[in-house]
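Under our numbering, the first residue of the sequence shown carries the number 3, and numbering increases by one thereafter.
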Amino acid sequence: MLRIVVCVSGGGTNLQAIIDGIERGTITNAAIAAVISNNPGAYALERARNHGIEGVCISPREFECRERFNEAFLKKLDSYQADLVALAGFLVVLPEIMIKKYQNRIINIHPSLIPSFCGKGYYGLKVHEAALERGVKVTGATVHFVDEGTDTGPIILQQPVLVEQDDTPELLQRRVMEQAEWKILPQAIDLIANGKIQVENGKVLIQEQPME
Ligand code: GAR
């Protein structure tokens, strides 16, 4: 059974998609051990509580500096003995030590087709504003492993979404969530939980049969 810790900062609709996937059985061999938020007001914490999942907040504001926050965060994460860390709208830059320790065990959902509209400064609504500004006709979402760069890790799944002429950033964000994010994040977790994902030379291979 894959033990997942989900890290969140906001509304938690992607967290909800994971919870629903586990409850409905579209994600198998997995359970959420805990939800960690950096924001005490995150509605995602409420979603966790509603489903009997432990939800904790570790806010950078409670610490004198970033170093202490990073240490406390990693200590908390380690305490859950997670096999997989899912960043579901987690807007905190991860410390390098955590990325090294959890190599190929941290995944992130990003609201564009990487390598478009990703990297530093591209998060949430800003991604969709940039896509509309550029006039792209197709966007989407990406689930990838997290490495030391920003949105540079091996890509696990991508789902395209068509841009409509009268889209606003908010409309596009909602459609990308509905048509892409809430599908591929649970799907990626199910593939990992069932041993179907392998990383080779920085690329993800998806197996039909589970690996040894
Ligand atoms: C999602 O759209 C996710 O792709 C994005 O934040 C939103 C969180 O929504 N993440 C990033 O932009 C990361 N670079 P949620 O809290 O409702 O899941």
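Cβ coordinates follow ideal geometry from the N, Cα and C atoms, glycine included.
Distance between residue j and residue i (C-alpha atoms, nearest Å)
i, j, result
"residue 55", "residue 151", "31 Å"
"residue 91", "residue 12", "7 Å"
"residue 130", "residue 44", "22 Å"
"residue 52", "residue 111", "23 Å"
"residue 15", "residue 185", "11 Å"
"residue 127", "residue 170", "10 Å"
"residue 38", "residue 62", "13 Å"
"residue 68", "residue 20", "29 Å"
"residue 210", "residue 180", "26 Å"
"residue 160", "residue 201", "16 Å"
"residue 190", "residue 66", "37 Å"
"residue 167", "residue 119", "19 Å"
Within 8 Å, strictly: CB atoms of residue i and residue j
i, j, result
"residue 138", "residue 165", "yes"
"residue 199", "residue 158", "yes"
"residue 88", "residue 58", "no"
"residue 5", "residue 85", "yes"
"residue 117", "residue 178", "no"
"residue 82", "residue 7", "yes"
"residue 173", "residue 133", "no"
"residue 99", "residue 75", "no"
"residue 153", "residue 123", "no"
"residue 33", "residue 3", "yes"
"residue 101", "residue 149", "yes"
"residue 106", "residue 147", "yes"
7 Å Cβ shell around residue i - same chain, five flanking residues per side excluded
i, result
"residue 28", "188, 192"
"residue 18", "49"
"residue 93", "11, 125"
"residue 183", "16, 111, 113, 143"
"residue 215", "In this structure the chain extends from 3 to 214, so residue 215 is not present and cannot be described."
"residue 104", "87"
Close-in-space but distant-in-sequence residues of the same chain around residue i (CB under 8 Å, 5 per side omitted)
i, result
"residue 140", "115, 162, 163, 164, 165"
"residue 204", "156"
Any non-hydrogen atom of the ligand GAR closer than 7 Å to residue i Cβ
i, result
"residue 14", "yes"
"residue 46", "yes"
"residue 190", "no"
"residue 113", "yes"
"residue 174", "no"
"residue 125", "yes"
"residue 7", "no"
"residue 155", "no"
"residue 91", "yes"
"residue 10", "yes"
"residue 129", "yes"
"residue 17", "yes"
"residue 179", "yes"
Any non-hydrogen atom of the ligand ATP within 7 Å of residue i CB
i, result
"residue 183", "This structure simply doesn't include the ligand ATP; it includes the ligand GAR instead."
Same chain, Cβ closer than 6 Å to residue i, five either side skipped, listed in chain order
i, result
"residue 97", "72"
"residue 23", "29, 188"
Q: Could you pull out every unbroken beta strand (DSSP E) segment of at least 3 residues lying fully inside the segment 46-104, listed in chain order?
A: 57-59, 86-89
(Q) What ranges does the beta strand (DSSP E) occupy inside the segment 96-166, keeping only unbroken runs of at least 3 residues that lie completely in it? (A) 108-112, 140-147, 157-164
Q) Unbroken beta strand (DSSP E) runs of length 3 or more, entirely within the segment 162-212: which are they? A) 199-202, 205-208
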